[in-house]
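Trainee: Residue numbers (the numbering used here): 26 to 414. C-beta atoms are modelled at their ideal positions from N, C-alpha and C, and glycine is treated no differently.
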Amino acid sequence: MEYLIMHKNIPVAEIEIDDISGVITAVNDVIHMEHIPVGVIHSLRHKQIIDRASLNHWWRGRSIPASRMGISEALNTLGIYETSELLTKCFGLSLSDHYWIKPIKSNLTWENVNFFDNDFSDDIGDVLFGINKKISGFDFVSPDNTSDGSLKKRWKIINGKRCLIKSGSAPFRQQPFNEVIASKIMDRLGINHVSYNIIRNGNEHYSICENFVTKDTELVSAYRILQIRPKENHENEYMHYVNICKESGVKNIVSSIDAMIVIDYIIANEDRHFNNFGLLRNADTLEWIGTAPIFDSGTSLWYDTQEKFIPYADIKCKPFKKTHGEQLRLVSDFSVFDFSKLDGIENEIIEIITDGNSESFIDDSRAKIIAENVQHRIDNLKKITLTVK
Ligand SMILES: Nc1ncnc2c1ncn2[C@@H]1O[C@H](COP(=O)(O)OP(=O)(O)OP(=O)(O)O)[C@@H](O)[C@H]1O
Ligand SMILES: [Mg+2]
């Protein structure tokens, strides 16, 4: 079927999609090249030429990843084979950016369809959470069809606000608490971040945060930004990213990456991959606004490590270096962080994890060990700050 790739109300390209597989089989015309998704490879000289493989990579990247917890059961319930089949069922709309596909002969407008203003169905979220009452006749109009990430998650409209609800994973189901702890640490250090809270349903705890993307500003992941141009021989991955941001006119990129590296060190984050941070841009003018607030800090705080191994755990590090020690060396200026603002954080961490939480999968002694090890990392940072002064 023929579609237009749309950026809000701007037609970007005329394409054909195989409705069974969801694959883009042809790019027939390019209408507004400047609005093609960031990082999709295109010819600068021949306006019409978009690399179809690269466009498909972007398009497939909008679907729920195969690694999502519980996805095979959900697909079974929905009676479909692949998550990519869900994309056309909601026009590829998302709550993290402003792209969508419009059937070529339709009169739909962005105002009619976008999820920022228009309500959406709970059916897909219910299926993804395994709490669906329906077994057929699902309403597929939902931003849950295009959500990324491996944890179970869904969007909900609560008091008119679009909120993302995320689970944890076995054995400790700790990630929702980690999101809240990371939020509190960033509050104290004055680091721009998404604020997370805990909600509870029976025995299960979830994190909840508001959408930080608006009708006007959209998230572009670091992964997509890195596709803007190849890495040059003299650049490491850090310089590649920083240089592209500077070339694009993004302000304060070094200080905001400094902040991300520091918080990731404190919480021993193991999963700051290139889709877990990025930039915001104005979707109308295409101007870069700056770094997106820090989100998704839950895969941290020894989330899957047994207590006795926590002090010796081999913590993975992403995105620029293999160890947090090496990554810390990329920080340009420690003097802007006042680590004394974290005094007393140990108790706050224990309270967050244990507060009203007798049925949690994390006991008091685990909470204490986590808090002690965070404190140890903060002490290290204080020492480093003194030596670089
Ligand atoms: N508050 C938010 N507002 C808008 N978009 C968001 C928000 N939080 C997350 N997203 C988008 O949803 C995606 C998935 O969310 P998130 O990274 O929190 O999930 P996850 O399952 O923890 O991911 P991972 O697989 O990296 O562990 C993000 O990559 C981002 O594109
Ligand atoms: Mg993520």
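Just the Cα atoms here: how many angstroms apart are serine 92 and threonine 108?
Mentor: If you take the alpha carbons of serine 92 and threonine 108, they lie about 11 Å apart.
Trainee: By the three-class DSSP mapping on this structure, what secondary structure does glutamate 39 have?
Mentor: If DSSP states are grouped into helix, strand and coil, glutamate 39 belongs with the strands.
Trainee: Quick one: grab the DSSP three-state call for proline 128.
Mentor: Proline 128 falls in the strand class under three-state DSSP.
Trainee: Should the segment 36–46 be regarded as contacting the segment 219–229, the criterion being three or more beta carbon pairs within less than 8 Å?
Mentor: Touching, no, given that fewer than three Cβ pairs across the two stretches are closer than 8 Å.
Trainee: Can you name the residues that DSSP bridges to threonine 310?
Mentor: In the DSSP output, where bridge partners are listed per residue, threonine 310 has none listed.
Trainee: I think valine 63 touches arginine 354, with their Cβ atoms under 8 Å apart; what is that distance to the nearest whole Å?
Mentor: Between arginine 354 and valine 63 the Cβ distance is about 29 Å, and since that is not below 8 Å, they are no contact.
Trainee: As a quick exercise: from Lys181, Tyr328 and Glu110, pick the residue whose alpha carbon is nearest that of phenylalanine 197.
Mentor: Closest by alpha carbon: Tyr328.
Trainee: Isoleucine 387 to histidine 82, Cα distance in whole Å?
Mentor: Using only the alpha carbons, I get a separation of about 39 Å.
Trainee: What are the boundary residues of the alpha helix (DSSP H) that includes glutamate 27?
Mentor: Looking at the DSSP string, glutamate 27 is not in any alpha helix (DSSP H); the run it does join, the beta strand (DSSP E), is 27–32.
Trainee: Do the segment 342–352 and the segment 308–319 meet, that is, are 3 or more Cβ pairs less than 8 Å apart?
Mentor: Result no; under three Cβ-Cβ pairs closer than 8 Å.
Trainee: Under 8 Å by Cβ, that's how I've got threonine 171 and glycine 117 pegged, so tell me the actual separation to the nearest angstrom.
Mentor: Sure, about 6 Å apart at Cβ, within 8 Å.
Trainee: May I have the straight-line CA-CA distance separating phenylalanine 165 from tryptophan 180, to the nearest angstrom?
Mentor: For phenylalanine 165 and tryptophan 180, the distance between alpha carbons rounds to 13 Å.
Trainee: Determine the closest residue to glycine 215 out of Glu376, Thr410 and Lys366, with distance taken between C-alpha atoms.
Mentor: The candidate whose alpha carbon is nearest that of glycine 215 is Lys366.
Trainee: Considering only C-alpha positions, which residue in the set Ser325, His57, Gly185 and Ile30 is nearest to alanine 51?
Mentor: Of the listed residues, the one whose Cα sits closest to alanine 51 is Ile30.
Trainee: At what residues does the beta strand (DSSP E) containing isoleucine 190 begin and finish?
Mentor: From DSSP, the beta strand (DSSP E) with isoleucine 190 extends over 186–191.
Trainee: Tell whether a beta-carbon distance below 8 Å holds between isoleucine 394 and isoleucine 335.
Mentor: Going by C-beta atoms, isoleucine 394 is nearer than 8 Å to isoleucine 335.
Trainee: Is threonine 324 close to ligand 1? I mean its beta-carbon at under 7 Å from any heavy atom of the ligand.
Mentor: Checking the Cβ of threonine 324 against ligand 1 gives yes.
Trainee: For cysteine 342, which of helix, strand or coil comes out of DSSP?
Mentor: Coil, per DSSP.
Trainee: Can you determine whether any heavy atom of ligand 1 sits closer than 7 Å to the C-beta of histidine 298, and answer yes or no?
Mentor: Checking the Cβ of histidine 298 against ligand 1 gives yes.
Trainee: Starting from asparagine 53, follow the beta strand (DSSP E) in both directions and report where the run begins and ends.
Mentor: Where asparagine 53 is concerned, the enclosing beta strand (DSSP E) stretches over 48–55.
Trainee: Compute the distance between the beta-carbons of serine 246 and phenylalanine 202, then report whether it is under 8 Å.
Mentor: Contact: no.
Trainee: Under the three-state reduction of DSSP, which class applies to glutamate 257: helix, strand or coil?
Mentor: Looking at glutamate 257 - three-state DSSP - the assignment turns out to be coil, as it is neither helix nor strand.
Trainee: Would you mind working out which of Ile75, Arg77, Asp76 and Leu326 sits nearest glutamate 204, comparing C-alpha positions?
Mentor: Among Ile75, Arg77, Asp76 and Leu326, the Cα nearest to that of glutamate 204 belongs to Leu326.
Trainee: Please output, in chain order, the residues near ligand 2 using a CB cut-off of less than 5 Å to any non-hydrogen atom of the ligand.
Mentor: Those satisfying the condition are, in chain order, Gly174, Asn301 and Asp321.
Trainee: If you draw a straight line from the C-alpha of asparagine 236 to the C-alpha of phenylalanine 145, how long is it?
Mentor: Cα to Cα, the separation comes out at about 15 Å.
Trainee: Just grab the DSSP bridge partners of leucine 95 for me.
Mentor: Reading off the sequence, residue 95 comes out as glycine, not leucine. None, per the DSSP bridge assignment.
Trainee: Is DSSP giving leucine 103 helix, strand or coil here?
Mentor: Three-state DSSP puts leucine 103 in a helix.
Trainee: Can you name, in chain order, every residue of its own chain whose Cβ lies under 6 Å from the Cβ of lysine 240, other than the five neighbours on each side?
Mentor: Closer than 6 Å at the Cβ level, and outside the excluded window around lysine 240, lie Phe141.
Trainee: Looking only at its own chain, which residues have a Cβ that is under 6 Å from the Cβ of valine 413, when we skip the five neighbours before and after it?
Mentor: So the qualifying residues of the chain are Phe359.
Trainee: For asparagine 226, list the residues DSSP reports as bridge partners.
Mentor: Glu229, per the DSSP bridge assignment.
Trainee: In the structure shown, what three-state DSSP assignment does serine 246 receive?
Mentor: Correct three-state label for serine 246: strand.
Trainee: Got a sec, what are the start and stop residues for the alpha helix (DSSP H) tryptophan 84 sits in?
Mentor: Unbroken alpha helix (DSSP H) run through tryptophan 84: 77–85.
Trainee: Return yes when the C-beta of leucine 189 is under 7 Å from any heavy atom of ligand 1, and no when it is not.
Mentor: Correct: leucine 189 has its Cβ closer than 7 Å to ligand 1.
Trainee: Apart from the five residues on each side of it in sequence, which residues of its chain come closer than 7 Å, Cβ to Cβ, to aspartate 43?
Mentor: Taken in chain order, the residues that qualify are Thr50.
Trainee: Given this structure, state the Cα-to-Cα distance separating glutamine 352 from tryptophan 313, to the nearest angstrom.
Mentor: Going from the Cα of glutamine 352 to the Cα of tryptophan 313 covers about 26 Å.
Trainee: Per DSSP, isoleucine 182 is paired with what?
Mentor: According to DSSP, isoleucine 182 bridges with Arg187.
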